[in-house]
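As structure tokens, the structure follows; a few thoughts come after it.
Residue numbers (my numbering), protein chains in the order written: chain A, 3 to 138; chain B, 3 to 138.
So this is what it looks like as structure tokens:
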């Protein structure tokens, strides 16, 4: 496991603020705090966020732009989708989902917060270890 | 000049739709057409867009996330800013500006369209050749 994994965007500091919603170590580098909020999120191998929902009364949701490594995106009740550099995920508001690294690979994506009205995140349970370990 | 320049995001097709607003060859690969519009724009060495303004009654403007090569961003009346991979530019609505490749380098950035009300682009004159050639 190479500790120096970075993409074109700097990895940033340990993502302590959201650590309670993640399994494993993630890193966060905020790239834009005005106009549209954009962060670069990096996951160590095996790291993923809990199931969560981006709520909004109008608009909202998130767009992921994968910049490095190999990871996964899964919506509740659907099969997990493998993510590789260059992949794009449009996450609608209201959809329960998680994303993170593959068990054996670093992973990084830009997270673009889609503007909306009364946006807020609901954090749910961790991804079941048994289910996560089935990922290739 | 390496013809196969790409970044983590595919280069896409020749940007014919906007060619009249560019000097030189650019390429456009739309990454998201919903939620927030995002394109990957690639410029051949020497290629740049004309001076232009992102107008909006509210919100609007554009964010550039540089993914490869070396380029330039300049606002009217200000010095040109060199752009390298990892750089971020928040372009407010109403500001006349241009961006493009350095004379001797390919260049690529993601262009994130900031949502707004009554957004529209005003395309102006090309960057003066004499001024552009002064760039290093």
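Yeah, the Cβ is synthetic: ideal placement off N, Cα and C, and Gly gets one too.
* **As assigned by DSSP and simplified to three states, the class of residue 72 of chain A** => Residue 72 of chain A falls in the coil class under three-state DSSP.
* Terminal residues of the continuous alpha helix (DSSP H) containing residue 83 of chain A? -> Here residue 83 of chain A belongs to no alpha helix (DSSP H); instead the beta strand (DSSP E) covers 83 to 85.
* Asked: What are the residues of the segment 7 to 19 of chain B that lie near chain A, defined by any Cβ-Cβ distance shorter than 8 Å?
  -> Those would be 9, 10, 11, 12, in chain order.
* **Proximity winner among A/18, A/52, A/88, relative to residue 112 of chain A (alpha-carbon distances)** => The candidate whose alpha carbon is nearest that of residue 112 of chain A is A/88.
* Nearest candidate by alpha-carbon position, reference residue 74 of chain B, set B/63, B/59, B/46 -> B/46
* **Burial state of residue 31 of chain A, where buried means 16 or more other Cβ atoms lie within 10 Å** => Buried, since its Cβ has 16 or more Cβ neighbours within 10 Å.
* Asked: By how many angstroms is the C-alpha of residue 9 of chain B removed from the C-alpha of residue 28 of chain B?
  -> Rounded to the nearest whole angstrom, the CA to CA distance from residue 28 of chain B to residue 9 of chain B is 14 Å.
* Contact set for residue 140 of chain A: own chain, Cβ-Cβ below 7 Å, skip 5 residues either direction -> The structure shown does not extend to residue 140 of chain A, since chain A is modelled only from 3 to 138, so the question has no answer here.
* Please state whether DSSP places residue 16 of chain A in a helix, a strand or coil. => strand
* Rounded separation between residue 36 of chain A and residue 92 of chain B - CA only -> 8 Å
* residue 137 of chain A versus chain B: which residues are under 7 Å apart at the beta carbon? -> Going along chain B, no residue has its Cβ under 7 Å from residue 137 of chain A, so there is no contact; the nearest lies around 22 Å.
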